[in-house]
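Heads up: the sequence shown at position 137 corresponds to 137 in the UniProt record's numbering, and the numbers run straight through without jumps. For each residue, glycine too, the CB sits at the ideal point set by N, CA and C. Quick caveat: nothing in here was measured; it's all calculated off a predicted structure. Encoded as structure tokens, the structure appears first; notes follow it.
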Amino acid sequence: MTVNSPEPASSTLATRLRNFSIVLVAVALSVALFLGLRTQATTVSVTDLAKNSTPFEVAMANENPTLIEFYANWCTTCMAMAPEIKKLEQEFDDRVNFVMLNVDNTKWLPEIAKYRVDGIPHFVFLNPNGEAIASAIGEIPGNVLHSNLDALLAEKPLPFTTTKGQMSRFKAPTAPSDSSSSDPRSHGAQVVD
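Now the structure itself:
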């Protein structure tokens, strides 16, 4: 018969420290995993932005400058810009109206025509009187929007304004033309045989 002798006190202390370290690492990893999953779950969507945006009618009446974004839920550029728009909303909270108008909603057809929306995202900057002072179409860097909003609040000219970029001029003919002499794809250039 063998008799087990008790472990030395230093060995027991080492085992306890090792177990305690394992528990600490497990807790730290669990917290990191939880925070990582939570961060992924809080992505911003254009639908969320639209739900929380200032209603158009309120924006036109409250005498704050306004940024209108014409968007669609299927617009990948609109989706890509959503986190940046959310940051701007948080920074300019209560000083600038952020209005989201869905181009797929026929309710907004008068505004789509008024602001000449022909591409999305389409941003319209309105002064405190509700007058459009500039517009921009497409993916706009956050720092450019930020600078424009700062200027809008200060009632100064916006530093970054664009229309639609390069475009071709077209003048509709008043009478049918001979198709052999011009091609509508030429944008008015003469066709030489």
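Thinking residue i and residue j are a contact (beta carbons under 8 Å), I'd like their distance in whole angstroms, please.
| i | j | result |
| --- | --- | --- |
| residue 103 | residue 70 | 5 Å |
| residue 158 | residue 88 | Not confirmed; about 14 Å, so no contact. |
| residue 101 | residue 68 | 6 Å |
Going by C-alpha distance, which of the options is nearest residue i?
| i | options | result |
| --- | --- | --- |
| residue 91 | 20, 142 and 16 | 142 |
| residue 195 | 47, 63, 55 and 99 | Outside the displayed span of the chain (1 to 193) sits residue 195, for which this structure offers no information. |
| residue 225 | 156, 57, 136 and 45 | With the chain covering 1 to 193 only, the question about residue 225 has no answer from this structure. |
| residue 200 | 153, 122 and 19 | This structure does not reach residue 200, given that the chain is present from 1 up to 193, and the question cannot be answered. |
| residue 49 | 21, 86 and 17 | 86 |
| residue 64 | 43, 140, 131 and 21 | 131 |
| residue 197 | 118, 111, 109 and 139 | Summary: the structure shown does not reach residue 197, with the chain confined to residues 1 through 193, and so no result is reported for it. |
Please state if the CB of residue j and the CB of residue i are separated by a distance shorter than 8 Å.
| i | j | result |
| --- | --- | --- |
| residue 66 | residue 72 | no |
| residue 99 | residue 160 | no |
| residue 133 | residue 127 | yes |
| residue 105 | residue 125 | no |
Which full runs of the beta strand (DSSP E) of 3+ residues lie inside the region 6–86, going along the chain?
Listed in chain order, the complete beta strand (DSSP E) runs (minimum 3 residues) inside the region 6–86 are 66–71.
Whether or not the region 19–28 and the region 79–89 are in contact is what I'm after, with contact meaning three or more pairs of Cβ atoms, one per stretch, closer than 8 Å; do they touch?
By the Cβ rule, the region 79–89 does not count as touching the region 19–28, because fewer than three pairs are nearer than 8 Å.
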